[in-house]
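Working notes for the structure below.
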Amino acid sequence: RHLNGTVLMYASVLTKTVRDRWRGVTIGTVSLAALLYFGMMAYQDIDLSIYTDLGPAFQSLIGIGADADAASLAYNAIYSTYGAIILAGIAIAMGSAFIAGEERKGTIGLLLGNPRSRTQVTVAKAGAMLLLIAAAGLALWAAGIATPAALDVSVQGMDVAAFTLHLIVSTLFYGFLALAVGAWTGRTGLAAGVSAGVLMLSFLAVGILQAIEGAQDWARLFPWYYFSDSDP
2 RHLNGTVLMY
12 ASVLTKTVRD
22 RWRGVTIGTV
32 SLAALLYFGM
42 MAYQDIDLSI
52 YTDLGPAFQS
62 LIGIGADADA
72 ASLAYNAIYS
82 TYGAIILAGI
92 AIAMGSAFIA
102 GEERKGTIGL
112 LLGNPRSRTQ
122 VTVAKAGAML
132 LLIAAAGLAL
142 WAAGIATPAA
152 LDVSVQGMDV
162 AAFTLHLIVS
172 TLFYGFLALA
182 VGAWTGRTGL
192 AAGVSAGVLM
202 LSFLAVGILQ
212 AIEGAQDWAR
222 LFPWYYFSDS
232 DP
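No gaps in the numbering here: position 40 of the sequence shown is 41 in this note's numbering, and each next residue is one more.
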């Protein structure tokens, strides 16, 4: 009976959280899928030398290689840059509001009743974030496969599935960081600020450090490195 009650508690919190947050995740995902389509279509018709002729520093910062083609440029511009930042921003917004937001609104007491512990509520909300971001990643993987097929663009040698898995893991890192800081401090602004700061600092530092001779190993200290090193 106790086990059934615990399962129902997790399910109720998870379901409510998903119901409250699915619209924002869906809008972001659909927008990125549309951007990928139009981006890949545009890259087919332009002279890619405007990117490939950039110096190594600029290429490293925006995450493209010297042999970039229409497909890899679209994936890097839309998914690796805009997509990763947008999804991370959505996850940060969710994570910072899950516990700290409930405390700020004065509704945490309702969640902790019936009876529920703070840990149980946090785990249930983390599960909701995992479900939402995984669903977004699956949709983006499908779009990443369907778009080049529809436009007759070659993606030979690219592992789109592995790339979107890295995108999911990277997004969850920032979302869970915001959730942890918010649960620890009870401050929504601090949770969002710390997580967003880590995201942007990592993004800039990895791009710059990888372009500096002898400084490449320092890039490993930043979370973005482990996503940027997973180009499709």
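All C-beta atoms in this analysis are idealised placements derived from N, C-alpha and C, irrespective of residue type, glycine included.
Computed from a predicted model, the values in this text were never measured in an experiment.
Buried/exposed call for residue i, threshold 16 Cβ in 10 Å
| i | result |
| --- | --- |
| R2 | The predicted model places R2 with a pLDDT of 47, which falls under 50 and marks its position as unreliable, so this point remains unresolved. |
| W185 | exposed |
| L205 | exposed |
| A137 | buried |
| L133 | buried |
Three-state secondary structure (DSSP) of residue i
| i | result |
| --- | --- |
| F228 | helix |
| G84 | helix |
| D21 | helix |
| F39 | helix |
| Q211 | coil |
| A75 | helix |
| I100 | coil |
| L222 | helix |
| L4 | Reliability fails at L4, whose pLDDT of 44 lies under 50, so the model's placement of it is uncertain and no value is given. |
| A89 | helix |
| A143 | helix |
Closest by C-alpha distance to residue i, when choosing among the options
| i | options | result |
| --- | --- | --- |
| F99 | A72, A144, A125, N77 | A125 |
| V154 | A34, M42, K17 | M42 |
| V26 | K17, S171, A89, Y44 | A89 |
| S229 | V170, T120, A129 | V170 |
Could you give the uninterrupted runs of the alpha helix (DSSP H) lying entirely in the segment 146–209, keeping only those of 4 residues or more?
161–186
Okay, do the segment 188–207 and the segment 135–151 touch, 3+ Cβ pairs below 8 Å being the bar?
no
Whether or not the segment 12–26 and the segment 90–103 are in contact is what I'm after, with contact meaning three or more pairs of Cβ atoms, one per stretch, closer than 8 Å; do they touch?
yes
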